[in-house]
Amino acid sequence: MAIVNGNVIGNLSGKLGNLSARTVDGRTVLAARPSSFNASQEPAVLTVRQKFSVTAKFASAILALSSLVSIWKKVRNVASSVFNEVFQSNFAYSSIEKPTEQNIIAPEGFPLQIAVAAVAADKITATIPILNTASVFGADEVNLSANAIVCYYDPANAEDEPFKIISLSKEVVAHNFAQTYDLEIDLNATQKNTAAKYQHSILYVCVVTKTAEGKVVQNSSTFTKLS
535 MAIVNGNVIG
545 NLSGKLGNLS
555 ARTVDGRTVL
565 AARPSSFNAS
575 QEPAVLTVRQ
585 KFSVTAKFAS
595 AILALSSLVS
605 IWKKVRNVAS
615 SVFNEVFQSN
625 FAYSSIEKPT
635 EQNIIAPEGF
645 PLQIAVAAVA
655 ADKITATIPI
665 LNTASVFGAD
675 EVNLSANAIV
685 CYYDPANAED
695 EPFKIISLSK
705 EVVAHNFAQT
715 YDLEIDLNAT
725 QKNTAAKYQH
735 SILYVCVVTK
745 TAEGKVVQNS
755 STFTKLS
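Here my numbering is used: the first residue of the sequence shown is 535, the next is one more, and so on.
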């Protein structure tokens with residue numbers, strides 16, 4: 535493995551011949567891959583490979599939400615990428631078929647006890663509880679970012695993928711932490727089409743507090759609901 539400092543040829547990513555490249559904290563990391571190999575078909579190896587694929591898709595969905603990226607950056611190991619931190623925190627909880635209700639979309643934070651939440655054909659809804667009883671918030675924490683991941687599974691058509699994941703978020707300006715908040719996030723046309731293909735879902739919700747300037751301060755733990 536080699537680490538290339540500087541951007542003479544820009545940040546690299548992907549594969550070229552037997553080399554693979556990725557960018558971590560502005561540095562390009564090059565690694566040589568075996569020129570040829572036969573993938574093991576042992577059951578234990580296949581299980582790991584399937585869990586790896588499931589977890590990678592789940593991590594990618596999380597990284598589509600900028601507020602969650604900021605939270606994970608705060609807790610990651612300095613030698614690890616944000617993706618790797620999310621991946622390592624979730625691998626043990628993934629099954630070989632799909633993510634489970636034990637997977638998390640944020641590091642541990644203040645409790646988020648949602649009494650009412652639903653995944654509809656065209657939107658997700660959740661009643662965000664009074665938060666100032668769950669944590670202490672500073673005077674600069676004035677806005678709230680609501681983030682959700684929906685994992686759809688059990689396709690009506692067996693030819694469709696076993697599961698699909700969508701990422702959703704909503705920014706709430708001047709949030710009142712002493713009141714409940716009725717969260718509602720509409721699905722776009724593509725997301726509605728995805729939802730229509732599956733019979734069940736897992737909803738993951740996390741809220742993140744922000745300053746008026748948009749700086750992330752703290753986060754809740756992950757709330758999950760099967761439906």
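All C-beta atoms in this analysis are idealised placements derived from N, C-alpha and C, irrespective of residue type, glycine included.
Nothing here was measured: the structure is a model prediction, and the numbers come from that model.
Item, Value
"Beta-carbon proximity list for VAL739, same chain, < 6 Å, skipping 5 on both sides", "ALA660, ALA682, PHE757"
"ALA729: first and last residue of the uninterrupted alpha helix (DSSP H) it sits in", "723-730"
"Distance between ALA673 and THR634 (C-alpha atoms, nearest Å)", "36 Å"
"Bridge-paired residues (DSSP) for ALA651", "ALA660"
"Beta-carbon proximity check, PRO645 vs ALA668, cutoff 8 Å", "yes"
"Residues bridged to ASN753 [DSSP beta-bridge criterion]", "VAL742"
"Other residues of its chain near PHE621: CB distance less than 6 Å, five sequence neighbours each side excluded", "THR589, ALA593"
"Sheet register partners of PHE592 (DSSP bridge)", "BP columns for PHE592 are empty, so no partner."
"Where ALA690 falls, given that 16 or more other Cβ within 10 Å makes a residue buried", "exposed"
"7 Å Cβ shell around ILE543 - same chain, five flanking residues per side excluded", "Any reading at ILE543 is ruled out, since the residue's pLDDT is 49, under 50, leaving its predicted position unreliable."
"The region 731-747 / the region 609-629 touching (three or more Cβ pairs under 8 Å)", "no"
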